[in-house]
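Presented below is the structure to which this report refers.
Chains as they are written, first to last, in the working numbering: chain A, 76 to 369; chain B, -15 to 316.
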C-alpha cells in the first residue's frame, strides 16, 4: 500500500472539520491579498490607480499591454536590463555556490582528513552568521581593493553558502554508502572519478535543493547589491524597483506616472519565482525541513 | 529526536552492496605491509579531503574571515580631518554604546523581536496544527498558498504591503471610508511598528509553518492512538504530545528568527520613503551602520556598529538558549 492510499483512507475516516476549513480559507485570503492587489492594480493607469474607487477590483479599462510597454521602455529599457542582471547574479552565484557546497559537503562527509573536525565546527558556527551581517564588512573590504560597483561584488559574496555545505554533508553521509565508494576504488577509479560517477548521481535530490535555495536567495538579495552598486545599469531588479519607488515617493505628485510601472514591475519580477516555487515544491520543502530538524 | 522528515530519503542503495571485508583483502600480508598501506590510505584521504573542501575553504577565508577580520581591525581606529587616522583601541566601542542612535536602534529591534517572535510562532504553530489535523485537498492548497510569501523577495513583500497601507491607493481608506471612519495609517510613526510586524509575519509565518508541519508529520501516530485509549482529549494530545515533541524544532527556529530580526534592514529601508518621517536613518542598527558607511563614509565607525550589533546578537541568543534550556527541562 502506498503512502497516498493511507492518506486517502485517513481522509475518508476523519470528520470534515468545517470550522477549521473556514479558518484556513481566511488565512489563505490574508496570505494572498497582496498578490491580488498587485495583479489588479497593475492593470490600471495612473488615473485609475489614484482616482479609482475600489482598490481591490479592476477599473473599467484594463491596461496591462499599455503598462507593459511603458515598463519595458521607461529609462531606455532599463527594466529588462535589471531582469537580465538578476538572472545573471542568481545563476552565476547560485551555480557557483552549489558547486562549492557539493564538493565541500561531500569532502566533509566521506573523508577523514586532518582538520576535518575543527573545520566542520567552524562551518556550523558560520551557519549562524546571517548574510546581512557580512554586507558592510565585505563592502568595506571590497572598496579597498576596488571591487565595488562591478558584477563581481555581487556574485562573489553569494558564493559563500555554509548552510548548503551543511545540507549536502548531512545528506551525503546517509545517501552515499562507503561500501559503494570502496568498490569503485577497488575497481581502480580515482577519487574524483568515483565522486562524479558514483556519488553525484546519488546526491541529485540535495543538489537540486541547494541549487534552488541559492538561486532564489541571490535573486531575492537586496542589501548586498544596494551596498555594492552605484551604476544603475548593474542593478538587479530588487534594487531597481527600490530605486524607482523611492524616486516616486520623493517626487510626490510628479512621480504618479511611475507608480503604475512600479506595481507592474513588482509583479513581473516575482513571476519567475512563483513558477519555480510551484513546479519545484518538493525540493523547497526537502531543503528547509531537513536543515531545521537534524 | 523521533522525527523523520519529508525531505530526501536517506537510505538508498545502501543494502545492495556487499561490504568488503578488510580481513579478506589484507589477511595474507604482513604487519609491515599493512601499516604502509594504511599510511598510504591516510595520505590519500587527506589529500582528497582537502581537495574537495579546499575551494569552499578559500571562499570562506576570503569572504567571511577576511572581511570580519578587516572590519574588526578598522573598528579600532578613528579617522578625523585634523588628526588623521589614529589607533583608539576600544574607543569606538565606548562611543557606540553611548550613542543614542545605536541604543535606540537596538532597543527597537529587541522590542520588535520580543513581540514578533511569539506572535509569529503562535500563528505558524496554530496553522501547522490545523494542517496536521485536516487532510483535505483544500488543506493542501492552503499549505502551499501560506508558504508562498517565502518565495517572494522581502523587498517586494514590503513594497506590496506598502501599497496596501498607502492612503493614495490602498484599500484600507476605502473600507473604513465606507463606514464613515478614518482608517488606521500603518505608515505613521504611531503604527509603523504594527505595520512592519504584519509584513514580517506575512513573509515568514509560512516558512516556520512548513518546518513545524514536517516535524508533526514525523510523529508516530500510534502515540495519539495510545493517548486516546488512555482517555486523553484532543487538546491534551496537542499540548502534551505534539507541542512537547516539537519543542526542539521550535527552539531552533526561534534562534534563527531572533538572529534574523536583530539584523532587520530590508523592510524598514523599503518603507522608509513611503512612510515619510516615520522611519529615520538610525531606525535599526543595520540601517545606522549603512548610513555611517554610505552617507557619511565613516568605515571605522560603521565597522564598530556592525561588531557591536554582533555582540548584542550573541548576548541575546545566549540569554535565549539559557532560558529555553530551563524551559526545555520543564517541558519534557
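Glycine included, C-beta positions come from ideal geometry on N, C-alpha and C.
Given the structure is predicted, the values throughout are model-derived calculations rather than measurements.
List, in order along the chain, the chain B residues whose C-beta lies closer than 7 Å to that of residue 266 of chain A? Within the first chain, numbered from 1, the residue matching residue 266 of chain A stands at position 191. The answer, in chain order, is 32.
7 Å is my cut-off, CB to CB: does residue 172 of chain B come that close to chain A? Along the second chain, one-based indexing puts residue 172 of chain B at 188. With 7 Å as the cut-off, residue 172 of chain B does not count as an interface residue toward chain A.
State the start and end residues of the unbroken beta strand (DSSP E) segment that holds residue 68 of chain B. As a working mapping, residue 68 of chain B is identified with position 84 in the second chain. Looking at the DSSP string, the run of the beta strand (DSSP E) that includes residue 68 of chain B is 68 to 71.
With DSSP collapsed to three states, give me the class of residue 61 of chain B. Sequence index remark: in the second chain, residue 61 of chain B carries index 77 (1-based). In the structure shown, residue 61 of chain B sits in a strand (DSSP, three-state: E or B).
So what does DSSP say about residue 92 of chain A, is it helix, strand or coil? Position 17 of the first chain, counting from 1, holds the residue named residue 92 of chain A. Reduced to three states, the DSSP call for residue 92 of chain A is coil.
May I have the straight-line CA-CA distance separating residue 133 of chain A from residue 115 of chain A, to the nearest angstrom? Counting from one through the first chain, the residue named residue 133 of chain A turns up at place 58. Counting from one through the first chain, the residue named residue 115 of chain A turns up at place 40. The straight-line gap from Cα to Cα measures roughly 6 Å.
Listing by chain order, which chain A residues have their CB less than 7 Å from the CB of residue 43 of chain B? Counting from one through the second chain, the residue named residue 43 of chain B turns up at place 59. Ordered by position in chain A, the residues that pass the 7 Å Cβ test against residue 43 of chain B are 175, 234, 235.
Count the other CB atoms within 10 Å of the CB of residue 281 of chain B; is the residue buried (16 or more) or exposed (fewer)? As a first step, residue 281 of chain B must be located in the second chain, where it is residue number 297. Classification for residue 281 of chain B: exposed.
Hey, does residue 263 of chain A have any beta-carbon neighbour from chain B nearer than 7 Å? Locating residue 263 of chain A in the first chain gives position 188, counting from the first residue. With 7 Å as the cut-off, residue 263 of chain A does not count as an interface residue toward chain B.
Under a CB-based cut-off of 7 Å, is residue 305 of chain B close to chain A? For the purposes of this step, residue 305 of chain B is identified with residue 321 of the second chain, where counting begins at 1. Cβ-Cβ to chain A under 7 Å: no for residue 305 of chain B.
Tell me whether residue 308 of chain A sits in a helix, a strand or coil according to DSSP, three-state version. By one-based count along the first chain, residue 308 of chain A stands at place 233. Looking at residue 308 of chain A - three-state DSSP - the assignment turns out to be coil, as it is neither helix nor strand.
Using the beta-carbon of each residue, which ones in chain A are nearer than 8 Å to residue 267 of chain B? As a working note, residue 267 of chain B is residue 283 in the second chain. By Cβ distance, chain A contributes nothing, its closest Cβ being about 14 Å from residue 267 of chain B, past 8 Å.
Can you check which of these residues, A:302, A:308, A:280, A:322, is closest to residue 278 of chain B by C-alpha distance? Position 294 of the second chain, counting from 1, holds the residue named residue 278 of chain B. Of the candidates A:302, A:308, A:280, A:322, the one whose C-alpha sits nearest the C-alpha of residue 278 of chain B is A:302.
Distance check for residue 115 of chain B and residue 221 of chain B, CA to CA, integer angstroms please. Counted from its first residue, the second chain places residue 221 of chain B at position 237. Counted from its first residue, the second chain places residue 115 of chain B at position 131. Cα to Cα, the separation comes out at about 15 Å.
Terminal residues of the alpha helix (DSSP H) in which residue 199 of chain B lies: As a working note, residue 199 of chain B is residue 215 in the second chain. 176 to 201 is the span of the alpha helix (DSSP H), which, as asked, contains residue 199 of chain B.
Just to confirm the assignment, what range does the alpha helix (DSSP H) spanning residue 227 of chain A have? For the purposes of this step, residue 227 of chain A is taken as residue 152 along the first chain, with counting starting at 1. Start and end: 226 to 233.
Can you grab the Cα-Cα spacing for the pair residue 172 of chain B / residue 156 of chain B, in whole Å? Mapped onto the second chain, residue 172 of chain B falls at position 188. Mapped onto the second chain, residue 156 of chain B falls at position 172. Approximately 14 Å, taken between the alpha carbons.
Where do the N-terminal and C-terminal ends of the alpha helix (DSSP H) with residue 123 of chain A fall, by residue? What you label residue 123 of chain A is simply residue 48 of the first chain in a count that begins at 1. Looking at the DSSP string, the run of the alpha helix (DSSP H) that includes residue 123 of chain A is 121 to 126.
Starting from the beta carbon of residue 318 of chain A, find every residue of chain B whose beta carbon is closer than 7 Å, and list them in chain order. For the purposes of this step, residue 318 of chain A is identified with residue 243 of the first chain, where counting begins at 1. Per Cβ cutoff of 7 Å: no residues; residue 318 of chain A is ~10 Å from chain B at best.
Evaluate contact between the segment 343 to 350 of chain A and the segment 163 to 172 of chain B, counting only Cβ atoms and requiring at least three cross-stretch pairs below 8 Å. no
Between the segment 213 to 223 of chain A and the segment 61 to 80 of chain B, are three or more C-beta pairs nearer than 8 Å? no
7 Å Cβ cutoff, residue 295 of chain A in contact with chain B: Taking the first chain and counting its residues from 1, the one referred to as residue 295 of chain A is at position 220. Yes - at least one Cβ of chain B is within 7 Å of the one on residue 295 of chain A.
In three-state terms, what does DSSP make of residue 137 of chain B? The residue you call residue 137 of chain B lines up with position 153 of the second chain. Three-state result, residue 137 of chain B: coil.
Let's see if you can read the secondary structure: which residues bound the alpha helix (DSSP H) around residue 256 of chain B? Position 272 of the second chain holds residue 256 of chain B. Run containing residue 256 of chain B: 250 to 258, per the alpha helix (DSSP H) assignment.
Just mark residue 229 of chain A as buried or exposed, buried being the case when its beta carbon has 16 or more other beta carbons within 10 Å. What you label residue 229 of chain A is simply residue 154 of the first chain in a count that begins at 1. Result: buried.
Spell out whether any CB of chain B is found under 7 Å from the CB atom of residue 112 of chain A. To locate residue 112 of chain A, count along the first chain from 1; it is residue 37. With 7 Å as the cut-off, residue 112 of chain A counts as an interface residue toward chain B.
Leaving out the 5 sequence neighbours to the left and right, which residues in its chain are closer than 6 Å to residue 176 of chain A when beta-carbon positions are compared? Taking the first chain and counting its residues from 1, the one referred to as residue 176 of chain A is at position 101. Hits under 6 Å: 236, 239, 240, 243, 285.
Can you tell me which of the three DSSP states residue 263 of chain B falls into? For the purposes of this step, residue 263 of chain B is taken as the residue at position 279 of the second chain. Coil at residue 263 of chain B, not helix or strand.
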